[in-house]
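Q: Sending over a structure as structure tokens; questions will come in a sec.
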Amino acid sequence: MIVNGSTHAMSREPASVSPLNAKPDAIRTEGRPPRPKPNGAAHAPTTPRAAAPTFPFSAIVGQDEMRQALLIAAVDPSVGGVLVFGDRGTGKSTAIRGLAALLPPMRAVVGCPYACDPARPGDLCHRCRDHAGGLEAHSVPVPVVDLPLGATEDRVVGALDLERALAHGQKAFEPGLLARANRGFLYIDEVNLLDDHLVDLLLDVAASGVNTVEREGLSIRHPARFVLVGSGNPEEGELRPQLLDRFGLAVEVTTPTDLPTRIDVVRRRDAYERDPEAFCAAYAEADATIRQTLNRARAYLPSLTVPDATLEAAARLCLALGTDGLRGELTLMRTGRALAALEAADTVGIDHLARIAPACLRHRLRRNPLDESGSTARVARAVAEVFAA
Ligand SMILES: [Zn+2]
Numbered sequence: 002m003i004v005n006g007s008t009h010a011m012s013r014e015p016a017s018v019s020p021l022n023a024k025p026d027a028i029r030t031e032g033r034p035p036r037p038k039p040n041g042a043a044h045a046p047t048t049p050r051a052a053a054p055t056f057p058f059s060a061i062v063g064q065d066e067m068r069q070a071l072l073i074a075a076v077d078p079s080v081g082g083v084l085v086f087g088d089r090g091t092g093k094s095t096a097i098r099g100l101a102a103l104l105p106p107m108r109a110v111v112g113c114p115y116a117c118d119p120a121r122p123g124d125l126c127h128r129c130r131d132h133a134g135g136l137e138a139h140s141v142p143v144p145v146v147d148l149p150l151g152a153t154e155d156r157v158v159g160a161l162d163l164e165r166a167l168a169h170g171q172k173a174f175e176p177g178l179l180a181r182a183n184r185g186f187l188y189i190d191e192v193n194l195l196d197d198h199l200v201d202l203l204l205d206v207a208a209s210g211v212n213t214v215e216r217e218g219l220s221i222r223h224p225a226r227f228v229l230v231g232s233g234n235p236e237e238g239e240l241r242p243q244l245l246d247r248f249g250l251a252v253e254v255t256t257p258t259d260l261p262t263r264i265d266v267v268r269r270r271d272a273y274e275r276d277p278e279a280f281c282a283a284y285a286e287a288d289a290t291i292r293q294t295l296n297r298a299r300a301y302l303p304s305l306t307v308p309d310a311t312l313e314a315a316a317r318l319c320l321a322l323g324t325d326g327l328r329g330e331l332t333l334m335r336t337g338r339a340l341a342a343l344e345a346a347d348t349v350g351i352d353h354l355a356r357i358a359p360a361c362l363r364h365r366l367r368r369n370p371l372d373e374s375g376s377t378a379r380v381a382r383a384v385a386e387v388f389a390a
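Residue numbers (this note's numbering): 2 to 390.
Rendered as structure tokens:
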């Protein structure tokens, strides 16, 4: 279902929606642990390896705001999901796959459908918790799971088989896409075309890190921590403001308009498709540098505190823009801190806020009929006014 470096046409292939495709997979991961293989990465349940390696994250040309937002979410998933607005074919899906591929492989319990982390006993699923004796672990790549538009709720959250449960007195649960996305990324192409109810549900799970499935008095919970990345084309249907506001970051991507950048994009894509191995080898070092930066930032993040002056600036900015609630400030604080961690800065400063303010706030503005300028321009103007004072 996931093709490395896939085009949008491929990721929307209806064949990947078919529950027939999904079932054997889910059944295979239930119960019996898979046979160990010499290379743990080769049988990750979520990312069947295509022949070609993933297009390197460091080889993506431009799209700085999107790349930065994804890195920030990888450093601190609590910033909330990332919404990517923009044209088709701007490499949204490629960027997510590229980022996931450069993240260090994760240690996961062998045979666990949620890829539980054996080093975090508090986050184990009920199966791993009930497991007598030591848990066997192996390394698997960070999952990237595509959520197809036609997916049913059962396919997304998992299905409870009531008949089996009643007949055998046991919980018969077939994990869904949220189980497979645990500890990784969940990508929804054209999230604005997805049913509001499903978007709402996904945002709930992403915020709590737990998926709860309830059917007629039966209930099951399992860990589902993932970075939700939704892409949307604003010309093809809008998200309700209540849903927009629940995404941490919103970034815009555009098809590059300057000639040298366009030529560069096409040249790299062509080089990659002609010889993926050689192309990836050429960017291996650059990818490794990003991986080190990410690892350092994750380790550094817990010790970074946000000074009162920075928090106050965040609050004044949100007041000036009239954003509802406190989600704006919270996102500004967490995103600014993650950016400062990525840059190994001593503290989280107003400069960090200024740089991430558009991504944190542009989707939280109320329509102002007297102000025809776009939301990005409105945020930029408020940043200039508030932070200069
Ligand atoms: Zn588990």
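Using N, Cα and C, we set each Cβ at its ideal position, and we do this for glycine too.
Remember, predicted model here, so these are calculated numbers, not experimental data.
Is Thr336 close to chain B? Criterion is C-beta to C-beta, closer than 8 Å.
A: Considering every chain present, this structure includes no chain B. It has just one protein chain.
Q: Which partner residues of Met107 appear in the DSSP bridge assignment?
A: Val141
Q: Are there any heavy atoms of ligand 1 lying less than 7 Å away from the beta-carbon of Leu125, as far as the coordinates show?
A: yes
Q: Using the C-alpha atoms, what's the distance from Glu386 back to Asp1?
A: Absent from the model: residue 1. The displayed extent of the chain is 2 to 390, so no value can be given.
Q: Compute the minimum distance between the beta carbon of Cys361 and the heavy atoms of ligand 1, and state whether it is under 7 Å.
A: No, the beta carbon of Cys361 sits no closer than 7 Å to any heavy atom of ligand 1.
Q: Would Gln64 be called buried (16 or more neighbouring beta carbons within 10 Å of its own) or exposed?
A: With 16 or more other Cβ atoms within 10 Å, it is buried.
Q: Around the Cβ of Arg363, are there at least 16 other Cβ atoms within 10 angstroms (buried) or fewer (exposed)?
A: buried
Q: Going by beta-carbon coordinates alone, are Leu322 and Gly337 separated by less than 8 Å?
A: No, Cβ-Cβ distance for Leu322 and Gly337 is not below 8 Å.
Q: Taking a contact to mean a Cβ-Cβ separation below 8 Å, would you say Leu204 touches Arg247 in this structure?
A: yes
Q: Considering just the uninterrupted stretch of the beta strand (DSSP E) at Val83, what are its terminal residues?
A: 83–87
Q: Can you tell me whether Gly231 is helix, strand or coil according to DSSP?
A: Correct three-state label for Gly231: strand.
Q: Does Thr55 pass the burial test, meaning 16 or more other C-beta atoms within 10 Å, or should it be called exposed?
A: buried
Q: If you scan the stretch 218–304 from start to end, which runs of the beta strand (DSSP E) of 3 or more residues do you find wholly inside it?
A: Unbroken beta strand (DSSP E) runs of no fewer than 3 residues, entirely contained in the stretch 218–304, are found at 219–224, 227–233, 250–254, following chain order.
Q: Does the beta carbon of Arg222 fall short of 7 Å from some heavy atom of ligand 1?
A: no
Q: Using only alpha-carbon positions, find the residue among Gly329, Pro119, Glu274 that is nearest to Leu318.
A: Taking only the C-alpha atoms, the option nearest Leu318 is Gly329.
Q: Please go through the same chain and pick out, in chain order, the residues whose beta-carbon is closer than 7 Å to the beta-carbon of Leu305, but skip the five residues on each side of it.
A: Arg338, Ala341, Ala342, Val349
Q: Taking DSSP as the reference, what is the three-state secondary structure of Asn212?
A: strand
Q: Check Ala381 in the structure and name its three-state DSSP category.
A: Shown here, Ala381 sits in a helix according to DSSP, grouped into three states.
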